[in-house]
DNA sequence: ATTCAGTAGGGTAATTGGGGGA
DNA sequence: CCTGTCCCAATTACCCTACTGA
């Protein structure tokens, strides 16, 4: 009964997380630039226990589309 | 060995993006001119979170080939 | 435990955006 | 009508070393 999602399915999960390199390649910028966006608060990011940042794929895709943040599920 | 394609080759990905300098170099014009094209709606562009523009390589190549893109609203 | 790529951190150079004029 | 260049300020890219993640 543990609806445990396989870690390999993270690319399909609603809360999919992207690495800095992934986001950087989507925007055609340097990974350091993505880090700068996170520091500037332009992009929300969570930190691993070691201090590395992970970004929400949903948020990144929204930004790429020029769509404001779909904070809520738009049905 | 195996011609394995990486997850995402920036220049090969469907959403490959080009920097203003790249597009300018391809057209032999000034980056500012490319910016004017984007402002005039002749070229579609997405913006980084910092405001810089990134252009679709597919669209640019189509324009270079003289292939009218479906985003042209001219007569 | 080890290797290796990726990431964080700071600092500096290059590019870009915007307006204006030639 | 279109393009190249000037100014400025802001953003981004690359340099380095040390640590994390797999």
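Residue numbers (my numbering), protein chains in the order written: chain P, 1363 to 1437; chain C, 1363 to 1437.
Even glycine gets a Cβ: it sits at the ideal position worked out from N, Cα and C.
Closer than 8 Å to chain P by CB, residue 1381(C)
As a first step, residue 1381(C) must be located in the second chain, where it is residue number 19. Answer yes: the Cβ-Cβ gap between residue 1381(C) and chain P drops below 8 Å somewhere.
Anything in chain C within Cβ reach of residue 1391(P), meaning under 7 Å, just list it in chain order.
Sequence index remark: in the first chain, residue 1391(P) carries index 29 (1-based). Those are 1410, listed as they occur along chain C.
What is the rounded straight-line gap between the Cα of residue 1396(C) and the Cα of residue 1389(P)?
In the second chain, the residue the question calls residue 1396(C) occupies position 34. In the first chain, the residue the question calls residue 1389(P) occupies position 27. Rounded to whole angstroms, the gap between the alpha carbons of residue 1396(C) and residue 1389(P) is 18 Å.
Give the straight-line distance between the Cα atoms of residue 1380(C) and residue 1422(P), rounded to the nearest whole angstrom.
Numbered from 1 along the second chain, position 18 holds the residue referred to as residue 1380(C). Numbered from 1 along the first chain, position 60 holds the residue referred to as residue 1422(P). C-alpha of residue 1380(C) to C-alpha of residue 1422(P): approximately 18 Å in a straight line.
Quick check on the DSSP output: the beta strand (DSSP E) that includes residue 1418(P) runs from which residue to which?
Along the first chain, one-based indexing puts residue 1418(P) at 56. Where residue 1418(P) is concerned, the enclosing beta strand (DSSP E) stretches over 1415 to 1418.
Checking 8 Å against the spacing of the C-beta atoms, do residue 1419(C) and residue 1378(C) come in under that value?
As a position in the second chain, residue 1419(C) is number 57, starting the count at 1. As a position in the second chain, residue 1378(C) is number 16, starting the count at 1. Yes, the Cβ-Cβ distance between residue 1419(C) and residue 1378(C) is below 8 Å.
Buried or exposed for residue 1398(C), going by 16 or more other Cβ atoms inside 10 Å?
Translated into positions along the second chain, residue 1398(C) becomes position 36. Result: exposed.
Does DSSP put residue 1409(C) in a helix, a strand or coil?
Mapped onto the second chain, residue 1409(C) falls at position 47. Secondary structure at residue 1409(C): strand, using DSSP grouped into helix, strand and coil.
Verify the CB distance criterion: does residue 1416(C) have a CB-CB separation below 8 Å to chain P?
Translated into positions along the second chain, residue 1416(C) becomes position 54. Output row for residue 1416(C): interface = yes.
Between residue 1385(C) and residue 1417(C), is the Cβ-Cβ spacing less than 8 Å?
For the purposes of this step, residue 1385(C) is identified with residue 23 of the second chain, where counting begins at 1. For the purposes of this step, residue 1417(C) is identified with residue 55 of the second chain, where counting begins at 1. Closer than 8 Å, so yes.
Please name the residue or residues paired with residue 1380(P) in a DSSP beta bridge.
In the first chain, counting from the first residue as 1, residue 1380(P) sits at position 18. Note: residue 1380(P) sits in a beta bridge opposite 1417(P).
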